[in-house]
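In what follows, a structure is listed as structure tokens, so that the remarks can point back to it.
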Amino acid sequence: DAGVTQTPRHEVAEKGQTIILKCEPVSGHNDLFWYRQTKIQGLELLSYFRSKSLMEDGGAFKDRFKAEMLNSSFSTLKIQPTEPKDSAVYLCASSFLGGKAEQFFGPGTRLTVL
Amino acid sequence: AQSVTQPDARVTVSEGASLQLRCKYSSSVTPYLFWYVQYPRQGLQLLLKYYSGDPVVQGVNGFEAEFSKSNSSFHLRKASVHWSDSAVYFCAVSPDSNYQLIWGSGTKLIIKP
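Chains as they are written, first to last, in our numbering: chain A, 39 to 152; chain B, -5 to 107.
Here you go:
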């Protein structure tokens, strides 16, 4: 079975641009998570979907970050407009309802905002 | 509220020496407990997990962890580390099977030759 897929692996954006990161969860998984990872803040939850419904939208990230899950096998994270402080690794993870909370991670997208 | 504490941001160990990485949690119930590892430029991978039963659980690559209800801890151990164990290790908990994971801040493991 394929694991979690994330594209692109690397993204470089100018300040003020709009970028869209993509994630394909493990087939059959019900839960999907977007995290931001930085050395200072560690892992921060951006969004959490259960069966395509948004369960959490990571309060502090609401204004410029928008995650969507249009179908059960694909999710996007849009950052609009980007700022240099958004430079980080963005991780997508999925889990199976009834799978006792174990999450499976993609390789991440490293975003650099100039 | 649930919380997870990894008190050591960085641990340095000589190759071949034993290792313990500490994890303490706060929870009103015995949670599901996890250790994940993140190698450079990769996502997180599951090392081991505890749901119930024997408090010592075995994971991949010779890692094990011990759950202590009295101490609210889930420490990770390895008898003899290898240079390839250099990574960041995350402890995580969930109060039940239908809840998201709550993450510790991570411990960076550095192996000295």
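Think of the CB as a built atom: it goes at the ideal place given N, C-alpha and C, for glycine as much as any other residue.
Computed from a predicted model, the values in this text were never measured in an experiment.
Item, Value
"The segment 85 to 100 of chain A in contact with the segment 69 to 77 of chain A per 3-pair CB rule at 8 Å", "yes"
"Interface partners of A/Phe71 on chain B, CB under 9 Å", "Gln94 and Leu95"
"Closer than 7 Å at the beta carbon, the chain A residues around B/Gln(-4)", "The premise fails here: B/Gln(-4) is roughly 12 Å from chain A at the closest Cβ pair, so nothing lies under 7 Å."
"Test: A/Leu108 CB closer than 8 Å to a CB of chain B", "no"
"Delimiting residues of the beta strand (DSSP E) encompassing B/Val87", "Ala81 to Ser88"
"Identified DSSP bridge partners for A/His67", "The partner list for A/His67 (beta bridge, DSSP) is empty, contrary to what the question assumes."
"Where B/Ser66 sits in the DSSP three-state scheme", "coil"
"Those residues which DSSP pairs with A/Thr43 across a bridge", "A/Glu62"
"Selection from A/Cys130, A/His67 and A/Met93 that minimises the alpha carbon distance to A/Arg47", "A/Cys130"
"A/Gly80 versus B/Ser99 - alpha carbon distance", "6 Å"
"Below-8 Å beta-carbon distance, A/Ala139 vs any chain B residue", "yes"
"Given 8 Å, three or more beta-carbon pairs between the segment 2 to 12 of chain B and the segment 100 to 118 of chain A", "no"
"Chain-ordered residues of the segment 27 to 45 of chain B with a beta carbon less than 9 Å from chain A", "Phe28, Tyr30, Gln32, Arg35, Gln36, Gly37, Leu38, Gln39, Leu40, Lys43 and Tyr45"
"DSSP state of A/Lys100 mapped onto helix, strand, coil", "coil"
"Contacts of A/Pro46 in chain B (Cβ-Cβ under 8 Å)", "Chain B residues near A/Pro46: none, gap ~14 Å exceeds 8 Å."
"Distance between B/Ser88 and B/Ser20 (C-alpha atoms, nearest Å)", "11 Å"
"Close beta carbons around B/Lys18, own chain, < 7 Å, minus the five adjacent residues each side", "Thr(-1), Ser66 and Ser67"
"Coarse secondary structure for B/Ser78, derived from DSSP in three states", "helix"
"Alpha carbon of A/Gly41 to alpha carbon of B/Gln39, nearest angstrom", "11 Å"
"Distance, B/Pro49 Cα to B/Gly56 Cα", "16 Å"
"Inter-residue Cα distance where the pair is A/Glu106 and A/Ser113", "6 Å"
"B/Asp79 to A/Ser111 span [Cα, whole Å]", "33 Å"
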